[in-house]
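Engineer: Structure provided below as structure tokens; questions to follow.
Protein chains: 2
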Amino acid sequence: MVEFPRLFPRRLRPGDTVAVVAPSGPVDPARLERGKEVLKGLGLDVIVGSRVLGRERFLAGPDSARVVDLQAAWCDPAVSAVICARGGYGATRLLEPLDWDAMRAAGPKILLGSSDITALHRAFARELGVATLFGPMPACSLLGAPEGPEPETLSRLRAALFEGGSAGPIRGDRVLVPGRAEGPVGGGNLSLLAALCGTPYGFRADGHIVLLEDVGEQPYRIDRMLTQLLQAGSLDGAAGFALGSWVGCGDPDDVLAVLTDRLAPLGVPIVAGLPVGHGSPQFSLWMEADGVIDTQSCSMTGLFRDPEGAP
Amino acid sequence: MVEFPRLFPRRLRPGDTVAVVAPSGPVDPARLERGKEVLKGLGLDVIVGSRVLGRERFLAGPDSARVVDLQAAWCDPAVSAVICARGGYGATRLLEPLDWDAMRAAGPKILLGSSDITALHRAFARELGVATLFGPMPACSLLGAPEGPEPETLSRLRAALFEGGSAGPIRGDRVLVPGRAEGPVGGGNLSLLAALCGTPYGFRADGHIVLLEDVGEQPYRIDRMLTQLLQAGSLDGAAGFALGSWVGCGDPDDVLAVLTDRLAPLGVPIVAGLPVGHGSPQFSLWMEADGVIDTQSCSMTGLFRDPEGAP
Numbered sequence: 006m007v008e009f010p011r012l013f014p015r016r017l018r019p020g021d022t023v024a025v026v027a028p029s030g031p032v033d034p035a036r037l038e039r040g041k042e043v044l045k046g047l048g049l050d051v052i053v054g055s056r057v058l059g060r061e062r063f064l065a066g067p068d069s070a071r072v073v074d075l076q077a078a079w080c081d082p083a084v085s086a087v088i089c090a091r092g093g094y095g096a097t098r099l100l101e102p103l104d105w106d107a108m109r110a111a112g113p114k115i116l117l118g119s120s121d122i123t124a125l126h127r128a129f130a131r132e133l134g135v136a137t138l139f140g141p142m143p144a145c146s147l148l149g150a151p152e153g154p155e156p157e158t159l160s161r162l163r164a165a166l167f168e169g170g171s172a173g174p175i176r177g178d179r180v181l182v183p184g185r186a187e188g189p190v191g192g193g194n195l196s197l198l199a200a201l202c203g204t205p206y207g208f209r210a211d212g213h214i215v216l217l218e219d220v221g222e223q224p225y226r227i228d229r230m231l232t233q234l235l236q237a238g239s240l241d242g243a244a245g246f247a248l249g250s251w252v253g254c255g256d257p258d259d260v261l262a263v264l265t266d267r268l269a270p271l272g273v274p275i276v277a278g279l280p281v282g283h284g285s286p287q288f289s290l291w292m293e294a295d296g297v298i299d300t301q302s303c304s305m306t307g308l309f310r311d312p313e314g315a316p
Numbered sequence: 006m007v008e009f010p011r012l013f014p015r016r017l018r019p020g021d022t023v024a025v026v027a028p029s030g031p032v033d034p035a036r037l038e039r040g041k042e043v044l045k046g047l048g049l050d051v052i053v054g055s056r057v058l059g060r061e062r063f064l065a066g067p068d069s070a071r072v073v074d075l076q077a078a079w080c081d082p083a084v085s086a087v088i089c090a091r092g093g094y095g096a097t098r099l100l101e102p103l104d105w106d107a108m109r110a111a112g113p114k115i116l117l118g119s120s121d122i123t124a125l126h127r128a129f130a131r132e133l134g135v136a137t138l139f140g141p142m143p144a145c146s147l148l149g150a151p152e153g154p155e156p157e158t159l160s161r162l163r164a165a166l167f168e169g170g171s172a173g174p175i176r177g178d179r180v181l182v183p184g185r186a187e188g189p190v191g192g193g194n195l196s197l198l199a200a201l202c203g204t205p206y207g208f209r210a211d212g213h214i215v216l217l218e219d220v221g222e223q224p225y226r227i228d229r230m231l232t233q234l235l236q237a238g239s240l241d242g243a244a245g246f247a248l249g250s251w252v253g254c255g256d257p258d259d260v261l262a263v264l265t266d267r268l269a270p271l272g273v274p275i276v277a278g279l280p281v282g283h284g285s286p287q288f289s290l291w292m293e294a295d296g297v298i299d300t301q302s303c304s305m306t307g308l309f310r311d312p313e314g315a316p
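Which chain is which? The protein sequence lines are S and A, in order. To convert a position in the first sequence, counted from 1, into this note's numbering, add 5. To convert a position in the second sequence, counted from 1, into this note's numbering, add 5.
This is how it looks when you write it as structure tokens:
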């Protein structure tokens, strides 16, 4: 287990090979095909895990197959980034079977995904100490739509993959608690952070700027999950909160009331309404990279330090 | 904190006073009135907490008011049983503010409730070491319906309150893993057990027969919650599983497949389809009392030991 020092993967260059895998729910083939073309359009060579179209109930095939694809991609020296096809559910089931020693030995590279993939972000931070990219996935609607990718989502993803950083500040629409905070970025999808509580992969805020977002969770459930994180000590030492989208979570005012009620007493800066999570556009954010919250500009900036020393 | 020795409250007698409180969600006044009459029909004097009809968003009033009512009822020497009006959400928010020392000093009495009240069952077991009753609540549909209480639900509740035990075996409809197991009964609503993971009130199976039930949770969510309990070690040492109702959780076969996939590898007896939880009828089950699972008769029996030494 290495939480620190944090390792930063090399930024992508045109011609790099990336591998698409499915650690969570079943993947729609047509959508995946379109998302793959979008990745190719970024100048990348795209290989697809051999089991990416598996299906077993709500999973993209049995755990063993999903583990093999993810691990093989990560350990393949020809692969510069492992890109999750979509979320759904299933990543938490892989955390124990994955061979973390082998993956650590393979060295840092890029992991891209969001939503259910929060479980992998957490585990990669804990086990590999590597910065990972929370962002859009090729077999999801924003990249894999029939009408083409959502432009701002794609341009932010391109910037994050090829240039690092967040390509300029990410602006929110509401300040819940004013102030300025710096720290590595952590957190992710709230349901997943709650589902990791009590497990070896439970989140610890300790100095992090905590991203929180979710989809399809009623306000009382958001309250229950935040209460769990608070009671579990997961939010102790949070430097600030970066609140993303809450799509399909009921009345936005009710959601804001819950977020304010549970988080404002912690007394650290909180920016809300960031286009990160499940809305459109969906900006990319480097986890474990340095982040800055500035409520004067109601924004968040992610600063990527890569091994090549680029700014 | 006292997990052992377990304390058993005195069984009720006609003429005893019981107090209805609302630790969780808002209460419907008409339904509460009907449920109160049902309790009176059992020969009980019923008092109602002064804040039971409070409402604040999805809660039955602010935390402070819900804490005061619950604590006042528990600490009132004239009250023999504290009966939760209904579940919903909100009990986990009370676990830290409650004055457990004062409640411990008040001595054991009966706590009745289910669903969200699982949080109180867990906390009462941990902090007070007292056996509590998982069963129907007065402002819920089975006791508070306009057409009168569901007869079997009421007769089982009467037996549990006045005679202890489960009034004969509770029969299930499916054996997932055969065998016989004995142990104190623990567990409750799966969502609440998951929501307590990582908190001081997290469940530890250690020799318990584990009741699990839920309402309105899709199979992938049940899978995620069971995976969390497994990864958190909450199910280590389980003596067996007593699976209750899974109302509104999608295709029952899918639910059974998830329960089997996650729990059968533990290798302990599992009975499914017990009428405990959210279905109709809803049997009452003493938590922390001695339970027996017998898959030959596909049943579970709860054995209550009370301080008066009745069998």
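Even glycine gets a Cβ: it sits at the ideal position worked out from N, Cα and C.
What residues of chain S sit near residue 141 of chain A, judged by a beta carbon separation below 9 Å?
Structural biologist: Those within 9 Å of residue 141 of chain A in chain S number zero; the least Cβ separation is about 22 Å.
Engineer: So which residues of chain S does residue 98 of chain A contact, with C-beta pairs closer than 7 Å?
Structural biologist: What residue 98 of chain A touches in chain S: 232.
Engineer: Tell me, please, whether the segment 159-171 of chain A touches the segment 232-241 of chain A by the rule of three or more beta-carbon pairs shorter than 8 Å.
Structural biologist: The segment 159-171 of chain A, when compared against the segment 232-241 of chain A, does not touch it at the 8 Å Cβ threshold.
Engineer: Looking at the structure shown, is residue 218 of chain A part of a helix, part of a strand, or coil, going by DSSP?
Structural biologist: Here residue 218 of chain A sits in strand by DSSP.
Engineer: Taking the CB atoms as reference points, tell me whether residue 122 of chain A and residue 169 of chain A lie closer together than 8 Å.
Structural biologist: Not in contact: residue 122 of chain A and residue 169 of chain A (Cβ atoms no closer than 8 Å).
Engineer: Tell me, please, whether the CB atom of residue 202 of chain S is closer than 8 Å to any CB atom in chain A?
Structural biologist: Yes, residue 202 of chain S counts as interfacial toward chain A.
Engineer: For a cutoff of 8 Å on Cβ pairs, would you count residue 129 of chain A as touching chain S?
Structural biologist: Output row for residue 129 of chain A: interface = no.
Engineer: Quick check on residue 85 of chain A: buried or exposed, where buried means 16 or more other Cβ atoms within 10 Å of its Cβ?
Structural biologist: Residue 85 of chain A should be labelled buried.
Engineer: Classify residue 80 of chain A as helix, strand or coil using the three-state DSSP reduction.
Structural biologist: Looking at residue 80 of chain A - three-state DSSP - the assignment turns out to be helix.
Engineer: Can you grab the Cα-Cα spacing for the pair residue 66 of chain A / residue 55 of chain A, in whole Å?
Structural biologist: Their backbone Cα atoms lie some 11 Å apart in a straight line.
Engineer: Can you name the start and end residues of the alpha helix (DSSP H) that residue 132 of chain S belongs to?
Structural biologist: That run of the alpha helix (DSSP H) goes 123-132.
Engineer: Near residue 220 of chain S, which residues of its chain fall below 6 Å by C-beta distance, leaving aside the five closest residues on each side in sequence?
Structural biologist: Same-chain partners within the cutoff: 252, 253, 283.
Engineer: Going along the chain, which residues of its own chain have a beta-carbon closer than 7 Å to the beta-carbon of residue 2 of chain A, five neighbours each way excluded?
Structural biologist: Residue 2 of chain A is absent from the model: chain A starts at 6 and stops at 316.
Engineer: Do residue 249 of chain A and residue 216 of chain A count as a contact pair if the criterion is CB distance below 8 Å?
Structural biologist: Contact: yes.
Engineer: Bridge partners of residue 276 of chain A, per DSSP?
Structural biologist: Paired residues: A/180, A/247.
Engineer: For a quick check, are the C-beta atoms of residue 94 of chain A and residue 149 of chain A less than 8 Å apart?
Structural biologist: Contact flag unset, no.
Engineer: With a Cβ-Cβ cutoff of 8 Å, do residue 287 of chain A and residue 158 of chain A count as a contact?
Structural biologist: A contact, by the Cβ cut-off of 8 Å.
Engineer: Quick check: what's the CA-CA separation for residue 298 of chain S versus residue 128 of chain S?
Structural biologist: Each residue's Cα considered, the two are about 24 Å apart.
Engineer: Could you give the DSSP three-state label for residue 33 of chain A: helix, strand or coil?
Structural biologist: In the structure shown, residue 33 of chain A sits in coil (DSSP, three-state: anything other than H, G, I, E or B).
Engineer: Hey, does residue 101 of chain S have any beta-carbon neighbour from chain A nearer than 8 Å?
Structural biologist: At least one chain A Cβ lies under 8 Å of residue 101 of chain S.
Engineer: Within 8 Å of any Cβ in chain S, is that where the Cβ of residue 144 of chain A sits?
Structural biologist: No, no contact with chain S.
Engineer: Please confirm if the segment 205-215 of chain S is in contact with the segment 16-23 of chain A, defined as three or more CB-CB distances below 8 Å between the two stretches.
Structural biologist: Touching, no.
Engineer: Would you mind telling me which residues of chain S sit closer than 8 Å to residue 262 of chain A, beta carbon to beta carbon, in chain order?
Structural biologist: By Cβ distance, chain S contributes 62.
Engineer: Helix, strand or coil for residue 295 of chain S? Go by DSSP, reduced to three states.
Structural biologist: If DSSP states are grouped into helix, strand and coil, residue 295 of chain S belongs with the strands.
Engineer: So who's on the other strand from residue 38 of chain A, going by DSSP bridges?
Structural biologist: None; residue 38 of chain A has no bridge partner.
Engineer: Just verifying my parser: in three-state terms, what is the DSSP assignment at residue 198 of chain S?
Structural biologist: Three-state DSSP puts residue 198 of chain S in a helix.
Engineer: At least one CB of chain S closer than 8 Å to the CB of residue 7 of chain A: is that the case?
Structural biologist: Since pLDDT at residue 7 of chain A reaches only 42, below the 50 mark, its modelled position is unreliable, and no value is offered.
Engineer: Can you look up residue 189 of chain S in the DSSP assignment and give me helix, strand or coil?
Structural biologist: In the structure shown, residue 189 of chain S sits in a strand (DSSP, three-state: E or B).
Engineer: For a cutoff of 8 Å on Cβ pairs, would you count residue 315 of chain A as touching chain S?
Structural biologist: In this predicted model, residue 315 of chain A has a pLDDT of only 42, less than 50, meaning its place in the structure is not dependable enough to derive any value.
Engineer: So with CB distances below 7 Å, who are the chain A contacts of residue 237 of chain S?
Structural biologist: Here the neighbours are 203, 204.
Engineer: Suppose you measure from the CA of residue 182 of chain A to the CA of residue 99 of chain S; what does that come to, to the nearest Å?
Structural biologist: Near 25 Å, if we compare the C-alpha coordinates of residue 99 of chain S and residue 182 of chain A.
Engineer: Ends of the alpha helix (DSSP H) at residue 106 of chain A?
Structural biologist: Looking at the DSSP string, the run of the alpha helix (DSSP H) that includes residue 106 of chain A is 105-110.
Engineer: Take the Cβ of residue 218 of chain S as the centre, count every other Cβ of all protein chains shown within 10 Å, and call the residue buried at 16 or more, exposed below.
Structural biologist: Residue 218 of chain S is buried by the Cβ-count criterion.
Engineer: Can you tell which of S/274, S/124, S/107, S/133 has its C-alpha closest to the C-alpha of residue 213 of chain S?
Structural biologist: If we check each option's Cα against that of residue 213 of chain S, S/274 comes out closest.
Engineer: Can you tell me the Cα-Cα spacing of residue 11 of chain A and residue 130 of chain A, whole angstroms?
Structural biologist: Looking at the two C-alpha atoms, the distance is approximately 8 Å.
Engineer: Under 7 Å Cβ to Cβ from residue 199 of chain S, same chain only, skipping five residues before and after it: list those, please.
Structural biologist: The residues are 230, 233, 234.
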